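*Asks:* Following this message is one structure expressed as structure tokens.
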Amino acid sequence: MLTQLLGAWKRPVAYFSKQLNQVSKGWPACLRAVAATALVLEEAEKLTMGEAVQVYVPHMVRALLDTKGGLWLTQARVARYQAKLLKNPEVTLQICPSLNPATLLPETEKQEHDCLKIINVQYASRPDLKDQPLPNADLEWYTNKSSTVMNGQRRAGYAIVSLHNTVEAKSLPAGTSAQLAELVALTRALELAKAKRVNIFTDSKYAFGVLHAHAGLWKQRGMLTAQGSPVKHESQILRLLKAVQLPLAVAVVHCKAHQREDQNVTKGNARADREAKRAPGDSVLVRTWKDEPLQEKWKGPHTILLVTHTAAKVKEHKN
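The following block contains the structure:
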């Protein structure tokens with residue numbers, strides 16, 4: 050409802066009612082309120098003609114866009130909402146406790162409504178799941194996957210490593226997609242960290258988003274998307290939801306891939322990437338040299354049996 054101050058009273062000028070699109074309907078309630086605020090404000094601007102507007106909303110719009118928006122919204126949509134609601138000099142956001150459904154005006158009584166807390170409790174895979182590293186963690190691991198096409202067939206593997214050791218590195222069945230490999234890597238890391246305080250770093254936005262935002266919501270819907278279609282990799286996601294409950298305390302942190310900074314996170318992620326690419330069960334070519342004339346020669350493919358930080362043992366090759 051659009052109101053205009055008349056003396057000491059807010060006098061209704063116009064009522065707006067808009068339908069959210071199908072994508073927005075699939076978001077958590079607090080983020081749906083952000084979308085509705087932007088949508089209704091666009092309609093109100095047709096009447097306000099660029100004048101200053103105060104928007105009263107019972108949700109933490111700024112905090113939602115800054116901290117949780119990226120888990121559900123694309124960068125383009127976040128930027129659009131920020132430009133419309135946060136960076137617009139003619140718009141001032143005011144958090145009000147609630148709106149009276151009879152008058153659509155703010156109530157005077159204060160009521161607790163912490164959007165960030167509600168989203169964490171209702172939609173996170175685990176209420177105390179963190180997205181920043183835990184202090185004094187027992188374990189600090191890095192996960193990564195490999196995915197390539199060999200002889201027309203997709204091959205995938207994954208690795209879980211620390212800065213100096215390989216915790217687990219395995220190949221996956223032929224035809225395994227890159228996204229499924231990312232979920233498997235994260236699931237295994239959580240299972241291996243049972244009863245421990247663990248920080249797990251991944252460069253997979255997909256796996257990070259599934260665990261922190263989407264999996265809990267999908268489970269509430271019966272593993273269906275907002276459009277009503279079945280969620281991809283349903284069985285693996287359900288296994289992931291069970292695995293995240295196993296550690297004593299857990300933080301799953303997103304890190305950027307292929308960075309050059311000399312930091313532990315960068316080194317650990319790069320090491321996980323290398324180990325995933327040569328996971329046991331994968332195939333490699335071995336380079337040898339002819340004496341006369343000196344020329345390189347490739348033999349294989351050979352199946353990897355064992356990997357270390359500096360070498361790999363392959364089947365049917367002595368050296």
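Position 301, counted from 1, in the sequence shown is what our numbering calls 350; the numbers after and before it change by one each time, with no gaps.
Just so it is clear, CB atoms sit at the ideal spot from N, CA and C, and this is done for glycine as well.
All values derive from a computational prediction rather than experimental measurement.
Give the straight-line distance between the Cα atoms of L290 and M109, rounded to the nearest whole angstrom.
*Replies:* Stepping through the sequence shown from its first residue, residue 290 is reached at position 241. Stepping through the sequence shown from its first residue, residue 109 is reached at position 60. So the two alpha carbons sit approximately 28 Å from each other.
*Asks:* Determine the closest residue to L241 out of L221, T215, Q68, with distance taken between C-alpha atoms.
*Replies:* Mapped onto the sequence shown, residue 241 falls at position 192. Cα-wise, what sits closest to L241 is T215.
*Asks:* Report the CB separation of Q285 from T236 in whole angstroms; it is logged as a contact under 8 Å.
*Replies:* By 1-based counting over the sequence shown, the position of residue 285 is 236. By 1-based counting over the sequence shown, the position of residue 236 is 187. Yes, they are in contact, since the Cβ atoms of Q285 and T236 sit about 7 Å apart, within 8 Å.
*Asks:* Can you look up R246 in the DSSP assignment and give me helix, strand or coil?
*Replies:* Taking the sequence shown and counting its residues from 1, one reaches residue 246 at position 197. Strand at R246.
*Asks:* So, for T52: in the same chain, excluding its five sequence neighbours on each side, which residues have a beta-carbon less than 7 Å away from its beta-carbon?
*Replies:* Within the sequence shown, the letter at position 3 stands for residue 52. Counting only Cβ-Cβ distances below 7 Å, and skipping sequence neighbours, we find K59, R60, P61, V62.
*Asks:* Determine the burial state of K117: buried for a count of at least 16 other Cβ atoms within 10 Å of its Cβ, exposed for fewer.
*Replies:* On the sequence shown, position 68 is the one that residue 117 refers to. K117 comes out buried.
*Asks:* Per DSSP, what kind of secondary structure is G75 in: helix, strand or coil?
*Replies:* Indexing the sequence shown from 1 puts residue 75 at position 26. DSSP places G75 in coil when its eight states are reduced to three.
*Asks:* Taking Cβ to Cβ, would you say A218 is nearer than 8 Å to A325?
*Replies:* Within the sequence shown, residue 218 is the residue found at index 169, counting from 1. Within the sequence shown, residue 325 is the residue found at index 276, counting from 1. For A218 and A325, yes; Cβs fall inside 8 Å.
*Asks:* Based on DSSP bridge pairs, tell me the residues matched to W347.
*Replies:* On the sequence shown, residue 347 is found 298 positions in, with the first residue counted as 1. DSSP, once it has assigned bridges, lists R336 as partnering W347.
*Asks:* Mind checking which residues open and close the alpha helix (DSSP H) that includes K194?
*Replies:* For the purposes of this step, residue 194 is taken as the residue at position 145 of the sequence shown. First-last for K194: 188-199, but that is the beta strand (DSSP E), not the alpha helix (DSSP H).
*Asks:* Less than 8 Å between C-beta atoms, sequence neighbours within five positions excluded: which residues of the same chain meet that for S211?
*Replies:* One-based indexing of the sequence shown puts residue 211 at position 162. Taken in chain order, the residues that qualify are L188, E189, W190, Y191, G317.
*Asks:* Considering only C-alpha positions, which residue in the set W76, G265, A244, H213 is nearest to V170?
*Replies:* For the purposes of this step, residue 170 is identified with residue 121 of the sequence shown, where counting begins at 1. For V170, the nearest C-alpha among the options comes from G265.
*Asks:* Could you give the C-beta distance for S195 and E231, rounded to a whole number, given that I count them as a contact under 8 Å?
*Replies:* As a first step, residue 195 is located in the sequence shown; it is residue number 146 there, counting from the start. As a first step, residue 231 is located in the sequence shown; it is residue number 182 there, counting from the start. Actually they do not touch by this definition, with Cβ atoms about 11 Å apart.
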